[in-house]
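The sequence shown: position 551 = 541 (the numbering used here), numbered continuously. Reviewing the structure listed below.
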Amino acid sequence: MPLRLSFDSGPLAGIHIVTSAQQIRLGRDPAQNDILLTNPKVSRRHATIERSVRGGYALEVMGTGPTKLNGDAISSVGGRSTVHALSTGDRLDFGGIELVVSEAEAKLIAVSGSAAGRELAIDGPARIGSGRDCDFVLADPGVAEEHLIISSTPLGFRAEARAPVMFNGSPADSRVLSHGDELVLGTTVVRFAVNARDEVGVESSRSSATVIATATNAVGELVFISGAAKGDRIPLGDNQIILGTRGDCTFVLSDMLASPLHCAISKAGDQFVATDLGSESGTYINGERIYQGTALKPGDLVAVGAHVVEARLIGGVTIANKGNTIFTTMAPGGILDQGPQPRFVIDGRVFKSRKIVLGRAPSCDVIVDGPAVSREHCAVVWENGFVVRDTSAAGTYVDDKRVVQQLLPPSGVLRVVDTLFRVTVRGEVCTIERADAALAQAAVDVARAHAGAHLSMMSRAINVADVDRGGRASGPGSGPGVGPGSGPGGGPGEGMRTIFRMDAGALEQEIANRKKEMRRNAPAWRPSSDLARDGALRGAVVLSVLAALALCGGAVVLGRGKALVNHPLSPAHSSTAFVEKAQGATVCAACHTAGMQVASASCVSCHPRFEARKDHASIDCGGCHREHEGGNNDRSLGALASCTASCHAGQHAKDFAPSANVPFQLAAGPLPGKLDSVALHAAHSRVTLKGIESGIPCTACHASLQGTEYIEGKPGLACFRCHDGGAQAMQTGCEQCHAREHAETMVRLEPGSAGLHQEMSTPTPIAALGWATGLAFVAGAPSLLFGTWIRIRRRRSQSAIVDEMKAHPAEVVKRLVHSINDSKCVGCNMCVQACPASVLELVDHKSRVVNFDSCIQCKKCEYACAFDALRMHDADKPPPMIPMPSIDAFHETPVAGMFLVGQASGTPQVKNASNLGRAAVQRIVQQGYRAGSARHMGCDVDVVICGSGPAGLSAAVTCVELGLSYVVLEKEREFAWTVRNYYHKGKEVMAEPQDVTLEATLPHWDTRREDLLGAWQELVMQHRIDIRYQHAVLDVKKEGDRFIVHLGDAKGTPMGQVTGARVVLAIGTLGNPRKLGCPGDELEKVKNSLVDPEEWNHQRILVVGGSDSAVEVVLALCAPERNNQVWFSTRGAKLEGIKPKNRKLIEEALAAGRFQIKYATAVADVTPTGVGLTFKEDGRREDIPNDVVFAMIGGNSPQKWLQQIGIPYVDKPHSWSPPRTDHLSAKTAEGLISVQRLMRRPIPTGLPRH
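Below, the structure written as structure tokens:
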């Protein structure tokens, strides 16, 4: 790390030396020292600062003059030098010459050219040129192979030119570099930047921006009035100011819409000039985009990304009315001759207009959603001041007061139905921002408290006063142009007039104080009746259940089940003989089991030796006979009807038809009784038909007619060719032709026998209603009585509880606040259900804090969130940070032309990935890229798409629509590998998020995995999407304007390359699954996904994990029909963060004993026949037999690989969310014309559209 010496006093005061030299000599002798200290108290060779081989620096003092280190005197002893280690921040004093030692970062940054955005950290010699062996390679035809050499000297880094170089606009051969120096090599501009660690400012509560350099001779300032840096100020002076997101900018913006180097503001003569540095979103002054240097005027609004900066020039301090000291912006009176210039600042945009409209219509300037919002709800108009006019039915409110037409106060809250806006008026600038609900409510409370005061902060009117040249406020009666030197021309002697002023920050300060006071006085939480368990109520419920069971049991035992008969019985089973035969059992239990199945053993007790034929041995009695059909004349209990209706449906239907329907049937009468074979043939040898005696040939029974010929056939039902069928045949029954079903004949009682007396009958509806009323009364009476008693007791104790709470001071201060990431929140309602105090609710499918006063700080909502969308953190500390890839608002990486989409970019879910794939390709064309340009650039294709998931497929389809050549590289055997292998068979794939519109052509709706993959397969085949399977991307390098993508096989063996003008990285986070990290995790039996549960039967299975995916695998594999032995190993002491539906199912399966769970365990090793588990609590080991292991523990992040190809990671707040993907897709589609618009697959009817 280079060393920085900052001189604070002496002849070198204000000088900063940054160097990485091995030795720096300091003293009074010019011939023996590198840095000359011209002070008689300093020795000729006073001290040396040397760089240690182990890192760091050491100070060797050789002189006898006064030397101090951090205020402590040090010097040589007895002519021998002393050595002292130096640390960052140490202060040295050499005879009154003071300097501070610190570490610094020196780097070269390519500002323009093909290498724009690349950086080179300097900590020693470095070579810059076009040669491949240079430290900083510039692919520029005007750059020599070794164009510039940088060496470290004790006085700094020296640049020596080996080819023509322009230093800050002037040619030179060599010079020592200073912070901000610009070097032009060929057509590439390189800037030298130094970032001293001790100069990095502390982040304010409003912005993460950091000022690393300040202006000198300040004559004005830039004030952020909108955006994340609102309230920050930058002095304007002689130094150039660079605004952007890169770390070497003068002011670093935390803004996704800002470019790395966005714009510059420089002093040119007596003016300040704003210049756009080629930013993508543009730089706007007063709402108009600038394309060249534009002079700033006092009060100009500069829009940079999502930030708006106000230029306050020729500033000063004046005394306003009533003695308040207020910052003012002043300008010569001639500037006011231009007339009023009203401007609006709305969500980081500047509108130069006299009127804006707020409402629900798309044509409104500010769109406010809500069913009660009118199409044009209200308008803000400039009429010598900003006036709000209400044009709605629901009303418009300013500071909690409904208005029809009113002048806006300097600071206030504008409410449109449920949407709150913070409004700030400063002269001719009106800032309107959507307000945080808590902050806006606090502002309303302030307005109410000060409503009656004449000097209320919400309604204070500040008069515009004339100021003379000396800065004194003019007295009463003085007018413009009155005073020394004033004149109509606005010359040098002309008086200055205040354009506008306000009491800035007073409102927010009071709001912050009130919120702090509310948090300090937050009451202590104590368990209340709605959260504590109530033993009395629990007892009432138990008593009610027991009473109902007792009533049912009494009805069954005492009445022998007669009261429970609610359907008719056959005469045989409702007779006295049957009741006596039951021998004391209840009516239903005489025939049925506890599961309401027919008990064949019970039938045998009454009907012994009634076994069925061999063909019907597998059918129980209930398979043929039908009970509970009332008293009909069917003595077989429906057996005959069952034969023809179930097993032998439609049997002999034509043969049993009446004779009239068979014209050729001979009238031989009814079918006679059963005959043996001999008698049957004798009866048919001679018959008399129509008075003629004749014989019947064999073919009449043993053949059948087919066309005009007879073919061999069995007799079968040939009898019915002559004999009658129909009703007579049915009455004879199947036994006329077939053998008897039961060998034993049933013995029936004689008519009139006492045993035929009917004992039971079906109860009437009135009797059934009586029993139901009795059950309801017995079950509900105890609960009603206990509930009434509990309510009375709570009312009596309410006053006592209140008094007790008042007697105790606040004990618990609510320090934890919620951080919710909208992009990760899927609206699953898990956090809402987990919160015991009803703090959270779903608003527009997103979790929102609606009742923070009830929060008990238990963090159950955070534990319940399975998507890391909600975290709780200390209110006095910044929210937790998460590493995210560095991409702009359009998902373009710092490597120009390379886009990162999909889950790796921080935007999960299939619908978002589809929209991003489309938006990335549209952005390429929107930037000016033309289809077919790859051929002129020497590239194979226009776009190289890495990954064939939903993002990659969507990007490929969009390339087809826009006429771009492309290729899709997929390292697996099939496209959408993650969906195929990590979503098991039959899994529901929801079209989340519900509030995001699907803009991509790739179809997606709420459906099963198989249907979704089928729709994608159809699209791939229909449009012949070019996908190269088993082509892994090993590296991506940019050479000039083209990308070289190096390819390999599944094992990483290189197998060629493909070149493209642009690259879209459509990769996820599950492509590289995590390993168990134990011996044996490489075995074939260890799986990372479950595709088809039906493939795994009769196996001994271990599932490792604790997420919803692991739970779903356990549920699929432990199903009874699988016959598997399943063990579930989870690292936690309990299952946290799973969906309520999965939690219920897994608890039911565990209670049923379908699997075993091992809490707080880790896999020790895996063998071919078993798995070893280690318990975290006591370290004991358990070995279980095993055939297969499913490690459902997620995948490794591609962070390391992305950093390798040039995509850095940055820390962002947990609540940060990228832009909505449907808005991004619609924004990038503006101005594009598709070559062919592919038809979307229609969503099946009956399914919700999203």
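By construction, the Cβ of each residue, glycine as well, lies at the ideal position given by its N, Cα and C atoms. Nothing here was measured: the structure is a model prediction, and the numbers come from that model.
Should Thr1211 and Gln916 be called a contact, given that it needs their Cβ atoms to be closer than 7 Å?
-> One-based indexing of the sequence shown puts residue 1211 at position 1221. One-based indexing of the sequence shown puts residue 916 at position 926. No, the Cβ-Cβ distance between Thr1211 and Gln916 is not below 7 Å.
Local conformation of Lys671 per DSSP, three classes = Counted from its first residue, the sequence shown places residue 671 at position 681. Note that residue 671 corresponds to His in the displayed sequence, not to Lys. Note: His671 maps to helix in three-state DSSP.
Buried or exposed: Glu1087, going by 16 or more other Cβ atoms within 10 Å of its Cβ?
-> Reading the sequence shown from its first residue, position 1097 is the one you call residue 1087. Rather than Glu, the amino acid found at residue 1087 in this sequence is Asn. When all chains shown are included, Asn1087 counts as exposed.
Where DSSP assigns a beta bridge to Asp1173, which residues make up the other side?
-> Here residue 1173 refers to the residue found at position 1183 when the sequence shown is read from its first residue. Bridge partners of Asp1173: Gly1162.
Provide the residue span of the beta strand (DSSP E) that contains Tyr1315, from first to last.
-> Outside the displayed range of the chain (-9 to 1240) lies residue 1315, so it cannot be described from this structure.
If you draw a straight line from the alpha carbon of Val91 to that of Gln13, how long is it in whole angstroms?
-> Taking the sequence shown and counting its residues from 1, one reaches residue 91 at position 101. Taking the sequence shown and counting its residues from 1, one reaches residue 13 at position 23. Rounded to whole angstroms, Val91 to Gln13 spans 14 Å at the Cα level.
Please report the residue range of the beta strand (DSSP E) in which Thr143 lies.
-> Position 153 of the sequence shown, counted from the first residue, corresponds to residue 143. Unbroken beta strand (DSSP E) run through Thr143: 138 to 143.
In whole angstroms, what is the alpha-carbon distance linking Thr1049 and Ile346?
-> Translated into positions along the sequence shown, residue 1049 becomes position 1059. Translated into positions along the sequence shown, residue 346 becomes position 356. Whole-angstrom Cα-Cα distance: 49 Å.
Mark Leu2 as exposed unless 16 or more other C-beta atoms lie within 10 angstroms of its C-beta, in which case mark it buried.
-> For the purposes of this step, residue 2 is identified with residue 12 of the sequence shown, where counting begins at 1. It is buried - the Cβ of Leu2 has at least 16 other Cβ atoms within 10 Å.
Under the three-state DSSP convention, the category His582 falls into = The sequence position of residue 582 within the sequence shown is 592, counting from 1. Three-state result, His582: strand.
If you check the beta carbons only, do Val1104 and Ala1181 fall under 7 Å apart?
-> The count along the sequence shown starts at 1 and reaches residue 1104 at position 1114. The count along the sequence shown starts at 1 and reaches residue 1181 at position 1191. It is not a contact, given that the beta carbons lie outside the stated cut-off.
Nearest-angstrom Cα distance between Phe568 and Met820?
-> Numbered from its first residue, the sequence shown carries residue 568 at position 578. Numbered from its first residue, the sequence shown carries residue 820 at position 830. Answer to the nearest angstrom: the Cα atoms are 58 Å apart.
For Pro1203, the first and last residue of its enclosing beta strand (DSSP E) = Stepping through the sequence shown from its first residue, residue 1203 is reached at position 1213. Element bounds for Pro1203: 1199 to 1203.
Who are the Cβ neighbours of Phe262 in its own chain at under 8 Å, not counting the five residues just before and after it?
-> Taking the sequence shown and counting its residues from 1, the one referred to as residue 262 is at position 272. Hits under 8 Å: Gly210, Leu226, Ile255, Ser256, Ala285, Leu286, Ala301, Leu303.
With Phe1118 as the anchor, note down where its alpha helix (DSSP H) starts and where it stops.
-> Along the sequence shown, read from residue 1 onward, the residue named residue 1118 stands at position 1128. Note, Phe1118: premise wrong, no alpha helix (DSSP H); beta strand (DSSP E) at 1115 to 1119.
To the nearest whole angstrom, what separates the beta carbons of Val298 and Ser401, a pair I think is in contact under 8 Å?
-> For the purposes of this step, residue 298 is taken as residue 308 along the sequence shown, with counting starting at 1. For the purposes of this step, residue 401 is taken as residue 411 along the sequence shown, with counting starting at 1. Not quite, the Cβ-Cβ distance comes to about 17 Å (not below 8 Å), so this is no contact.
Candidates Asn185, Gly55, Trp995, Val1081: closest to Arg(-6) by CA position | Reading the sequence shown from its first residue, position 4 is the one you call residue -6. Comparing Cα positions, the closest option is Asn185.
If we count the other Cβ atoms within 10 Å of its Cβ and call it buried at 16 or more, is Glu1220 buried or exposed?
-> Taking the sequence shown and counting its residues from 1, the one referred to as residue 1220 is at position 1230. Per the 10 Å Cβ criterion, exposed.
Assigned secondary structure, Thr421 (DSSP; H/G/I helix, E/B strand, else coil) = Looking up residue 421 in the sequence shown gives position 431. Strand.
Exposed unless 16 or more other CB atoms sit within 10 angstroms - verdict on Thr997 | Counting from 1 along the sequence shown, the entry for residue 997 is found at position 1007. Looking at its Cβ environment, which holds 16 or more other Cβ atoms inside 10 Å, Thr997 is buried.
Who are the Cβ neighbours of Gly375 in its own chain at under 7 Å, not counting the five residues just before and after it?
-> As a position in the sequence shown, residue 375 is number 385, starting the count at 1. Contacts found: Leu397.
So what's Val185 in DSSP terms, helix, strand or just coil?
-> Here residue 185 corresponds to residue number 195 of the sequence shown, with the count starting at 1. Inspection of the sequence shows that residue 185 is occupied by Asn rather than by Val. Shown here, Asn185 sits in a strand according to DSSP, grouped into three states.
Taking Glu1250 as the reference, give the member of Gly119, Val127, Val8 with the closest Cα.
-> This structure cannot settle anything about residue 1250, because the visible part of the chain is limited to -9 through 1240.
Helix, strand or coil: how does DSSP classify Arg117 here?
-> Position 127 of the sequence shown, counted from the first residue, corresponds to residue 117. In the structure shown, Arg117 sits in a strand (DSSP, three-state: E or B).
How is Gln1007 classed by DSSP in three states: helix, strand or coil?
-> Along the sequence shown, one-based indexing puts residue 1007 at 1017. Helix.
Could you tell me if Asn207 is buried or exposed, where buried requires 16 or more neighbouring beta carbons within 10 angstroms of its beta carbon?
-> Stepping through the sequence shown from its first residue, residue 207 is reached at position 217. Note that Asn207 has pLDDT 45, beneath the 50 cutoff, so the model's placement of it is unreliable and the number below is only indicative. It counts as exposed.
Would you please verify whether the beta carbon of Thr57 is less than 7 Å from any beta carbon of chain B?
-> No chain B appears in the structure shown, which is made up of a single protein chain.
Among Leu145, Gly119, Gly942, which residue has its Cα nearest to the Cα of Leu138?
-> Counted from its first residue, the sequence shown places residue 138 at position 148. Ranking Leu145, Gly119, Gly942 by Cα distance to Leu138 puts Gly119 first.
Taking Cβ positions, are Thr177 and Gly132 nearer each other than 7 Å?
-> Here residue 177 corresponds to residue number 187 of the sequence shown, with the count starting at 1. Here residue 132 corresponds to residue number 142 of the sequence shown, with the count starting at 1. Cβ atoms of Thr177 and Gly132: closer than 7 Å.
Of the choices Val1035, Gly613, Lys849, whose alpha-carbon is the least far from that of Cys593?
-> For the purposes of this step, residue 593 is identified with residue 603 of the sequence shown, where counting begins at 1. When only C-alpha atoms are compared, the closest one is Gly613.
Sequence-distant residues of its chain with Cβ nearer than 6 Å to Pro20 (five each side left out) = Walking along the sequence shown from the start, residue 20 turns up at place 30. Here the set comprises Leu26.
Express the C-alpha separation of Ala293 and Val213 in angstroms, rounding to a whole number.
-> Counting from one through the sequence shown, the residue named residue 213 turns up at place 223. Counting from one through the sequence shown, the residue named residue 293 turns up at place 303. Just so you know, the alpha carbons of Val213 and Ala293 end up roughly 12 Å apart.
Limits of the beta strand (DSSP E) - the one that Met888 falls within | Taking the first residue of the sequence shown as 1, we reach residue 888 at position 898. It spans 888 to 891 - the beta strand (DSSP E) in which Met888 sits, taken as one unbroken run.
Residue interval of the beta strand (DSSP E) (run including Cys688) | Numbered from 1 along the sequence shown, position 698 holds the residue referred to as residue 688. No beta strand (DSSP E) holds Cys688; DSSP gives it neither H nor E.
Endpoints, the beta strand (DSSP E) within which Asp1212 is located = Here residue 1212 refers to the residue found at position 1222 of the sequence shown. No beta strand (DSSP E) holds Asp1212; the alpha helix (DSSP H) holding it covers 1211 to 1218.
Can you grab the Cα-Cα spacing for the pair Gly289 / Pro56, in whole Å?
-> Counting from 1 along the sequence shown, the entry for residue 289 is found at position 299. Counting from 1 along the sequence shown, the entry for residue 56 is found at position 66. C-alpha separation (whole angstroms): 53 Å.
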